[in-house]
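Step one of this worksheet: look at the structure below.
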Amino acid sequence: MSNGFILVVDDNPTNLAVICQALRTEGWQIRIAMNGEDALRKATQNPPDLILLDVQMPGINGFEVCKRLKADEATSDIPIIFMTALSDTDSKVKGLGLGAVDYVTKPFDQQEAIARVRVHLQLRHLTHTLEEQVRDRTQALSQALEELQHSHLQVIQSEKMSALGNLVAGVAHEINNPIGCVVGNVSAVEATIKDLFGVIDLYGKHFPNPGAEIEDELETVDLDYLREDLPKLVKAMRDGSDRIVCISRSLSIFSRADSDRKQAFNLHDGIDSTILILRHRLKANKHRPEIQVLMDYGDLPLVECFPGQINQVFMNILANAIDAIDESNQGRSFIELEANPNWIKVQTEIGVNHVQIAISDNGFGMSQEVRSRVFDHLYTTKTVGKGTGLGLAIAQQIIEEKHGERSK
Ligand SMILES: Nc1ncnc2c1ncn2[C@@H]1O[C@H](COP(=O)(O)OP(=O)(O)O)[C@@H](O)[C@H]1O
Ligand SMILES: [Mg+2]
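Here the sequence shown stands for residues 1014 to 1421, numbered as in my numbering.
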């Protein structure tokens, strides 16, 4: 057997000579130690595949050597075979109790001793091979799992994005025509109303006494009130439709279908459109006042990126902030929250060759444990149906892989 490096420990030179001679005939490599201390030193310096250990030795005896070897991680798995006198049953039992794998009896039966040594060397070799195989397999499996999770994320990400993106882009597109019609016509209505009042005024000027029927009617409809109110109604319509245009534009920006090439994108547009889409969640409800969104925007240049994906990142992070705030608010009254308003802060800044976007909230924050796991696939602290544990894993993938150094 190739890996047969044996340390033989015995204080008796005659014994040593006999056993070494026998072992050498098998082609094993032998090293000897003549006392316990020497044995410990040699075993630690250059760990053998097996140790043949005498029990009775001056100084540190065999049992103590065995104990110390087992206690040291570097030597604990070296198989130890005790050499004991034939009649000494106590020693045999004690030796096995201390972790020895076997014993051989003195005087030696050469055949038997060699057979035992061979079995234990083989066992050790097999154990090692097995351990190695297990290690390799485990590594291969965890790598496969990681790859699987990875591609899983990509599938979810791309499916979700394309389904959502198509839907949102479709809605935005469909809204554009009718709302364009409203916006265009509101101006025409304003002009027409002005004209109509002009005509009425002209009639009044030329026919100051139009007769009882017309005068009664003018009183009933309250012409002066109409003159004042109608432009207000039209203005409200104009404001409403302007908002729809704004929302529709945000939807288009948010869902910007990503081409396979990066494009120059105004990140602030991305953040603004995401916030607008999340407005219904930010607004006041019966549990709390509106969440304030504080923007502290730096002077960012256009950034080459995949805008749809970057918006997805903003969405995942901002939605988490709202979730965290809502959860932190539990048990607090509306009045209490009015005094300490909830906020989400978005700060952007330009660095030497990077832009930095920091999003913070005044929710309960994250413990060290949560912080170390937030990017883990499927890690969530939220109830089923509320959290998927994919938001930040996807965000990380988008930033690091699609936009990081490796993506260049
Ligand atoms: N703003 C935040 N405040 C506190 N905890 C957060 C915040 N953002 C993320 N977390 C924690 O990180 C976890 C993982 O987030 P995420 O990957 O988006 O999955 P999910 O939102 O579906 O739970 C959350 O369950 C939450 O515990
Ligand atoms: Mg989330």
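Note that beta-carbon positions come from the ideal geometry of N, C-alpha and C, so glycine has one too.
Identify whether E1487 lies in helix, strand or coil by the three-state DSSP scheme.
Because the chain here runs from 1014 to 1421, residue 1487 falls outside it and cannot be looked at.
Which runs of the alpha helix (DSSP H) fall wholly inside the segment 1226 to 1301 and span at least 4 residues, in chain order?
1236 to 1267, 1280 to 1290 and 1292 to 1295
Could you tell me the alpha carbon to alpha carbon distance between V1114 and P1026, rounded to whole angstroms?
24 Å
Quick one: grab the DSSP three-state call for L1177.
helix
If you count every other CB in all the chains shown that lies within 10 Å of the CB of T1038, and 16 or more means buried, which is it?
exposed
Would you call M1014 buried or exposed, if buried means 16 or more other Cβ atoms sit within 10 Å of its Cβ?
Note that M1014 has pLDDT 44, beneath the 50 cutoff, so the model's placement of it is unreliable and the number below is only indicative. Classification for M1014: exposed.
Threshold first: 4 residues or longer. Then list the alpha helix (DSSP H) segments lying entirely within the segment 1057 to 1085, N to C.
1075 to 1084
With a threshold of 16 other CB atoms inside 10 Å of the CB of H1133, please say whether the residue is buried or exposed.
buried
Check whether the Cβ of D1309 sits closer than 7 Å to any heavy atom of ligand 1, and report yes or no.
no
Using beta-carbon positions only, say whether P1061 and I1019 come within less than 8 Å of one another.
yes
Beta-carbon gap between I1407 and Q1135 smaller than 8 Å:
no
I need the boundaries of the beta strand (DSSP E) containing D1374, first residue and last residue.
V1368 to D1374
Expressed to the nearest angstrom, what Euclidean distance is found between the alpha-carbon atoms of T1102 and G1108?
10 Å
Write down the C-beta distance between F1377 and A1337 rounded to the nearest angstrom, noting that I regard them as a contact closer than 8 Å.
6 Å
Output needed for Q1023: all residues of its chain with C-beta closer than 6 Å, excluding positions within five of it in sequence on either side, in chain order.
According to the sequence provided, residue 1023 is Asp. The question's Gln does not apply to it. If we look at D1023 and ignore the five residues flanking it on each side, its Cβ neighbours are L1029 and D1067.
Could you name the residues that DSSP lists as bridge partners for F1095?
L1066 and Y1116
Is Q1042 helix, strand or coil when you go by DSSP?
strand
At what residue ranges does the segment 1331 to 1415 contain a whole run of the alpha helix (DSSP H), taking only runs of 4 or more?
1347 to 1352, 1381 to 1386 and 1404 to 1409
Please list, in chain order, all residues of the same chain as M1438 whose beta carbon is under 7 Å from its beta carbon, the five residues on each side excluded.
Past the boundaries of the shown model lies residue 1438; the chain is included only from 1014 to 1421, so the question cannot be answered.
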